[in-house]
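Using our numbering, read the sequence shown as starting at 78 and increasing by one per residue. From the three backbone atoms N, C-alpha and C, an ideal C-beta is built for every residue, glycine too. Each remark here refers to the structure printed beneath this line.
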Amino acid sequence: MDIAKASSQRTTSSSSTLKVEVLRNGQNLMKEPSDHSLKEDMNSSQPKIEIRHMNFYYGSNQALFKVNLTIPEHRVTAFIGPSGCGKSTLLRCLNRLNDLVLGTRVDGEILIDGQDIYQPEVDITDLRTRVGMVFQKVNPFPKSIYQNVAYGPMLQKVKSRAVLDEIVEHSLQGAGLWDEVKDRLHTSALGISGGQQQRLCIARALAVNPDILLMDEPCSALDPISTGKIEELLHSLKERLTIVIVTHNMQQAARVSDYTGFFLLGELIEYDDTKKIFTNPGDRRTEDYVTGRFG
Numbered sequence: 078m079d080i081a082k083a084s085s086q087r088t089t090s091s092s093s094t095l096k097v098e099v100l101r102n103g104q105n106l107m108k109e110p111s112d113h114s115l116k117e118d119m120n121s122s123q124p125k126i127e128i129r130h131m132n133f134y135y136g137s138n139q140a141l142f143k144v145n146l147t148i149p150e151h152r153v154t155a156f157i158g159p160s161g162c163g164k165s166t167l168l169r170c171l172n173r174l175n176d177l178v179l180g181t182r183v184d185g186e187i188l189i190d191g192q193d194i195y196q197p198e199v200d201i202t203d204l205r206t207r208v209g210m211v212f213q214k215v216n217p218f219p220k221s222i223y224q225n226v227a228y229g230p231m232l233q234k235v236k237s238r239a240v241l242d243e244i245v246e247h248s249l250q251g252a253g254l255w256d257e258v259k260d261r262l263h264t265s266a267l268g269i270s271g272g273q274q275q276r277l278c279i280a281r282a283l284a285v286n287p288d289i290l291l292m293d294e295p296c297s298a299l300d301p302i303s304t305g306k307i308e309e310l311l312h313s314l315k316e317r318l319t320i321v322i323v324t325h326n327m328q329q330a331a332r333v334s335d336y337t338g339f340f341l342l343g344e345l346i347e348y349d350d351t352k353k354i355f356t357n358p359g360d361r362r363t364e365d366y367v368t369g370r371f372g
């Protein structure tokens, strides 16, 4: 799943400060320090997503414990951690997909633009329009490329062919796929490559003009070239979207995200600027995970 032969290297200074360099072909892939920080983002505007004292249960089994997390607008936030730590569960809480699982229960609050999405008056269909989802398993509909992208707008009663044409083109351009499929829009979506299908699923999510895009290990089944294209896409999409991505690939988290949250056994252990998480984490458990001592 790693692009080329990515690896993490650990060096220790005299002060025992962790230094993790994410490498590809010998080149340092860690982004240059950005001109913003988590604290600055939180002070500059109302956060896009706020999670307050959240607990989540599958029946009698508690999967998430007292999660507190603030996600700023127009940034990429990554959730990392070993399998079964709760990061995908939390992602699905953000558009209430876990409501579809019998016996689940949420305590606490999840606010999007200041509104608690678990209040009874919330329209779940509208919520899932505003908060799009791209899954780990590529899942295009067994329809044409055009119909895949137009499906959401048509459900929203968009009937004009000219408007649909514009939405399809704009969404495919947003997903970096238009030039590759513009001459085959009415052929089956199942006939394009896996990487193209995943970008088609991104275009399908973009077609309903969401504010937030959730991505659950979207590159885990893709080849390195397709993975690289999606990672490049994320940098451009965050100009108009807030993106939350779950990944097991720490090199990917370092490449694409502005902020990273590390989860372990249902708890959010640490959440900070991605560069800090990977170079100078504040918790020993985070250090152990990003340096490969477990997970």
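Between Tyr135 and Gly180, the C-beta spacing is below 8 Å. Excluding residues up to 5 positions away in sequence, nothing lies with its Cβ nearer than 7 Å to the Cβ of Thr202 in the same chain. Under the three-state reduction of DSSP output, Gly305 falls in the helix class. In this structure Arg152 is buried. Its beta-carbon is surrounded by 16 or more other beta-carbon atoms within 10 angstroms. Straight across, the Cα-Cα distance linking Gln273 with Leu290 is about 18 Å. With contacts defined by Cβ atoms closer than 8 Å, Ile307 and Arg276 form a contacting pair. Per DSSP, reduced to three states, the secondary structure at Asn286 is coil, with no helix or strand assignment.
Under DSSP, Thr154 forms a beta bridge with Val321 and Tyr336. By the criterion of at least three beta-carbon pairs nearer than 8 Å, the stretch 342-350 is not in contact with the stretch 324-331. The closest CA to that of Leu204, considering only Leu188, Ile148 and Trp255, is found on Leu188. Straight through space, the alpha carbons of Lys352 and Lys125 are spaced by roughly 21 Å. In the same chain as Lys214, and ignoring 5 residues on each side of it, the C-beta atoms closer than 8 Å to its own belong to Ala298, in chain order. Distance from Val208 to Leu232 at the Cβ level is roughly 16 Å; contact not present, criterion being Cβ atoms closer than 8 Å. Unbroken alpha helix (DSSP H) runs of no fewer than 4 residues, entirely contained in the stretch 162-219, are found at 164-170 and 201-207, following chain order.
Under the three-state reduction of DSSP, Leu146 is assigned to strand. Phe133 has Leu141 and Val183 as its beta-bridge partners, per DSSP. Cα atoms of Cys296 and Asn132: separation of roughly 28 Å, rounded to the nearest angstrom. In chain order, Asn225, Ala266, Leu267, Gln274, Leu277 and Cys278 place their CB closer than 7 Å to the CB of Pro217, counting only its own chain and leaving out the 5 sequence neighbours on each side. Shown here, Leu345 sits in a strand according to DSSP, grouped into three states. The alpha carbon of Leu168 has as its nearest neighbour, out of Ile354, Val285, Lys234 and Gly338, the alpha carbon of Gly338. Counting every other CB atom within 10 Å of its CB across the protein chains shown gives Ala239 a total below 16, marking it as exposed.
For the 8 Å CB-CB criterion, Val323 and Asp349 do not form a contact.
Within the model, the alpha-carbon separation for Phe371 versus Asp365 is close to 7 Å. Secondary structure at Glu127: strand, using DSSP grouped into helix, strand and coil.
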